[in-house]
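J.: Let me give you the structure first, and then I'll get to my questions.
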Amino acid sequence: MMPEFHIHRNHNKFSIDLLTALHKIGKPRHVQRLESVMTPDTTNDFFFYINKGIFKTVRPINDREFILGFTFPGDVDGDPASLLGTSRTNFSIVAVADADITVCRWQDLEQEMKKEKYLATVNFFLARYVTVLQNRLIDSLAITAEDRYKQLVNTHVKHLNEIPVSDMAGYLGITKQSLSRIRNGRF
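Laid out in structure tokens, this is it:
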């Protein structure tokens with residue numbers, strides 16, 4: 299399953315209140331294709347809501363970059379550990395295509411919401427983030443590249459053409475040729 303950290307207006311009142319708060323406190327930002335929003339070894343006091351565009355999360359290990367996943371319009375992205383001041387970011391978040399985001403500072407969110415709602419929001423963010431990480435790990439170990447690609451097709455078909463073939467193949471851990479066979483149903 300391709301995990302999502304998704305907030306939509308058609309969810310419950312909590313989601314609607316959270317989305318309203320994000321747009322109230324956030325600052326719109328346009329991000330160019332291949333521009334990094336976060337980079338390794340930095341401390342970040344912000345997260346962002348994706349209005350338009352796609353991002354990839356990239357982790358450098360031993361002079362190689364590994365694509366950990368993608369985020370799409372309606373998703374929230376960031377680094378909770380860095381937000382809460384417990385560590386520095388160890389990955390990059392890079393725009394796959396030109397994007398429009400709403401950047402929110404954690405401190406502004408805290409000031410905007412009443413204490414109870416703020417604590418519920420922190421819990422929501424952390425719970426969703428842990429779920430995303432668990433699902434990505436399980437998927438990478440237990441599901442074939444073909445099945446992971448099919449899940450992306452089922453959940454994000456209108457955005458897949460915006461992801462470069464090399465990025466998609468890298469995320470799936472296969473060659474571009476193998477991805478081509480999967481796309482053509484010859485696998």
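In the working numbering, each number is its position in the sequence shown, counted from 1, plus 298. Virtual Cβ for every residue (Gly too), placed ideally from N, Cα, C. Being a predicted model, the structure only gives us computed values, none of them experimental.
(1) Is the stretch 406 to 413 close to the stretch 330 to 341, with three or more CB pairs under 8 Å?
(2) For Lys-456, is the classification buried or exposed, using 16 other Cβ atoms within 10 angstroms of its Cβ as the cut-off for buried?
(3) So Lys-448 is in the alpha helix (DSSP H); what residue range does that whole segment cover?
(4) Starting from Arg-403, follow the beta strand (DSSP E) in both directions and report where the run begins and ends.
(5) Please confirm if the stretch 383 to 400 is in contact with the stretch 351 to 371, defined as three or more CB-CB distances below 8 Å between the two stretches.
(6) Which of the three DSSP states, helix, strand or coil, is assigned to Met-336?
(7) From Tyr-447 to Thr-453, what distance separates their C-alpha atoms?
(8) Could you tell me which of Asn-482, Asn-459, Pro-462, Ser-438 sits nearest to Leu-470, measuring between CA atoms?
(9) Under 8 Å, with one C-beta from each stretch per pair, do the stretch 358 to 370 and the stretch 411 to 424 reach the 3-pair mark?
(10) With distance defined between alpha-carbon atoms, name the residue in Thr-442, Leu-382, Phe-364 nearest to Asn-421.
(11) So, Glu-444 versus Ile-480, is the Cβ gap smaller than 7 Å?
(12) If you measure between the beta carbons of Glu-410 and Ile-314, is that distance less than 7 Å?
(13) Output the boundary residues of the alpha helix (DSSP H) element that contains Val-463.
T.: Checking against the coordinates, here is how it stands:
(1) no
(2) For the purposes of this step, residue 456 is taken as the residue at position 158 of the sequence shown. It is exposed - the Cβ of Lys-456 has fewer than 16 other Cβ atoms within 10 Å.
(3) Counted from its first residue, the sequence shown places residue 448 at position 150. First-last of the alpha helix (DSSP H) with Lys-448: 443 to 454.
(4) Counted from its first residue, the sequence shown places residue 403 at position 105. Element bounds for Arg-403: 397 to 403.
(5) yes
(6) Counting from 1 along the sequence shown, the entry for residue 336 is found at position 38. It is a strand residue.
(7) Start at 1 with the first residue of the sequence shown, and residue 447 comes out as number 149. Start at 1 with the first residue of the sequence shown, and residue 453 comes out as number 155. Cα-Cα distance, rounded: 10 Å.
(8) In the sequence shown, the residue the question calls residue 470 occupies position 172. The shortest Cα separation from Leu-470 among Asn-482, Asn-459, Pro-462, Ser-438 belongs to Ser-438.
(9) no
(10) Against the sequence shown, residue 421 aligns to sequence position 123. Ranking the options by Cα distance to Asn-421, first place goes to Leu-382.
(11) Numbered from its first residue, the sequence shown carries residue 444 at position 146. Numbered from its first residue, the sequence shown carries residue 480 at position 182. Against a cut-off of 7 Å, the Cβ pair of Ile-480 and Glu-444 comes out as a contact.
(12) Working through the sequence shown from its first residue, we reach residue 410 at position 112. Working through the sequence shown from its first residue, we reach residue 314 at position 16. No, the pair does not count as a contact, with Cβ atoms beyond the cut-off.
(13) Counting from 1 along the sequence shown, the entry for residue 463 is found at position 165. Segment 463 to 470, the alpha helix (DSSP H) holding Val-463.
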